[in-house]
Amino acid sequence: MNDERFVEVKNLKKVYDNGHEAIKDVSFSVKKGDLVCLLGPSGCGKTTILNMLAGLLNPTSGDILFDGKSVVNVAPKDRQIGYVFQNYALYPHMTVLQNVMFPLTVGKQKMPKDKAKEIAEKYMKTTQIMELADQKPGDLSGGQQQRVAIARALVQQPKILLMDEPLSNLDARLRLKIREEIRALVKKVGITTLFVTHDQEEASSIGDKIILFNNGVIQQDDLGQNFYLEPNNYFVANFVGNPVIDNFKVQVNNGKIVGSDFEINVDDLDKSRFKRDLTDGEYILSVRPENILLGDHGEVSAKVDDVELIGRERILKFTHDGVQARSLVDLETPIKPGDNINLKMRLNRIFLFTKEGERIY
Ligand SMILES: Nc1ncnc2c1ncn2[C@@H]1O[C@H](COP(=O)(O)OP(=O)(O)O)[C@@H](O)[C@H]1O
Ligand SMILES: [Mg+2]
């Protein structure tokens, strides 16, 4: 039993035939029954990883283990994987029932039609598509097609479910609803799931943990809240968070952090948060907009360029040192564009990054 490392990826690399290094030495593991989100911008290598897990693509080097056994030389059909593709890939000429039954009616393990139908119907009930049984994919909405694709992936009772941006073709409201349903469904079935998305909010809402990639490299493999509160580096801090984090160029000199019109004593920072010694030089000071507070006398004064309402909060946009920055305040704060404000940072919530993006504080 390898429940803690039910899926294990070790030093995985993929160089495509044209020489492009899409995955560079990636290692991670997934606990049995967990739903893990692979998150990252378009082109970071998410689909490449799923395809290697599924066996549709050979790794250049490295190993993939399911339940402790290497599968790199195991044929895709023998890996006990269910795959929900980004475009669903349903068979247009078949009905919903025929689509869902299909994997059970082909190959070595094929079973009698009535048995296949019985299993298909079980999963169609779970995914609530029984009433669509006789329709063709072309007659279905995006959300319905998505359920058919999930039911078809589940009928073979795979050990691992792979889903590649399964919600990207749905409109915003439906996406919220279906992501909750997917989480409830995979937890009910108890299947270990790798769910690919480029949407940080989707990832934190449904993932037991998140693995964030950029350029084929893992940036952080962690619980959702840690990407926000304790980002590993500048990329993570900027990829996660809405509104996005504010970044200011600063100079560290003789125990002071000097910005364009503010100064912070290094002694006022929380010693325990330093990752290593802060040497003099140029840094980026980053702070989430809700940690820039309004005050009577702040460290920085600014003029509000614009105010944006998002649900229960307001984003105050201002220009500081030539860059756009944001402060997040509650809905009741009566501030309009053109107002002058004083701002103060919560010093125990700021981050300091080197120009290369390494986090120091
Ligand atoms: N067959 C291929 N040949 C060469 N490069 C590819 C191929 N498929 C994908 N890539 C490149 O590899 C990188 C990762 O692609 P992909 O895994 O599809 O990213 P994602 O799914 O995160 O958007 C991208 O830069 C993409 O252009
Ligand atoms: Mg992709």
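Just so we're aligned, residue 12 is where the sequence shown starts under our numbering, counting upward by one. The beta-carbon is built from N, C-alpha and C at its ideal position, and this holds for glycine as well.
About 6 Å separates the CB atoms of Gly-44 and Gly-201; that is less than 8 Å, so the two are in contact. Ligand 2 never approaches Lys-25 closely enough for any of its heavy atoms to be under 7 Å from the residue's Cβ.
With respect to Leu-178, Arg-190 sits close: the two C-beta atoms are nearer than 8 Å. Apart from sequence neighbours up to five positions away, the residues of its chain that approach Pro-242 with a beta-carbon distance below 8 Å are Gln-231, Ala-248, Val-251, Phe-362 and Arg-370, ordered along the chain. Taking C-beta atoms under 8 Å as the contact rule, Asn-98 and Pro-148 fail to qualify, at a distance of about 11 Å. Exclusion of Ser-179 from the 7 Å shell around ligand 1 follows from its C-beta lying no nearer than that to any non-hydrogen atom of the ligand. Shortest gap from the CB of His-104 to any heavy atom of ligand 1: 7 Å or more. Exclusion of the five residues before and after Met-122 leaves Leu-115 as the residues of its chain whose Cβ lies within less than 7 Å of its Cβ. Of the heavy atoms belonging to ligand 1, at least one sits nearer than 7 Å to the Cβ of Lys-57. From the listed residues Arg-284, Lys-347 and Lys-286, the smallest Cα separation to Ala-313 is found for Lys-347. Leu-296 is bridged by DSSP to Phe-259 and Leu-363.
With 16 or more other Cβ atoms from the protein chains shown falling within 10 Å of its own Cβ, Ile-221 counts as buried. Excluding the 5 residues flanking it on each side, Gly-349 has same chain C-beta neighbours closer than 8 Å at Lys-314 and Val-315, in chain order. Taking the CA atoms as reference points, Leu-223 sits about 5 Å from Leu-50.
DSSP places Tyr-94 in the strand class (E or B) of the three-state scheme. In the assembly as shown, Val-117 is an exposed residue. Its beta-carbon has fewer than 16 other beta-carbons within 10 Å.
Look at the stretch 60-93 and you find these whole runs of beta strand (DSSP E), each 3 residues long or longer: 72-77. Closest in alpha carbon position to Glu-142, among Leu-196, Val-159, Glu-301 and Ile-229, is Val-159. Taking C-alpha positions only, Glu-132 is separated from Leu-205 by approximately 25 Å. Within the same chain, Cβ atoms closer than 8 Å to the Cβ of Ala-65 are found at Pro-87, Arg-90, Ile-92, Tyr-94 and Leu-173, the five residues on either side in sequence being excluded.
A Cβ-Cβ contact shorter than 8 Å links Cys-48 with Ile-217. C-alpha of Asn-180 to C-alpha of Val-340: approximately 33 Å in a straight line. Within its own chain, the residues whose Cβ lies closer than 6 Å to the Cβ of Gly-153, once the five positions on either side in sequence are excluded, are Asn-180 and Leu-181, listed in chain order.
Out of Met-356, Asp-257 and Leu-76, the CA that lies nearest to the CA of Gly-306 is found in Met-356. In this structure, Glu-129 has its beta carbon at no less than 7 Å from each heavy atom of ligand 2.
Distance from the Cα of Ala-144 is smallest, within the candidate group Lys-188, Leu-108 and Ser-38, for Leu-108.
Residue pairing by DSSP places Gln-231 opposite Leu-223 in a beta bridge. The straight-line gap separating the alpha-carbon atoms of Ala-195 and Arg-186 is approximately 14 Å.
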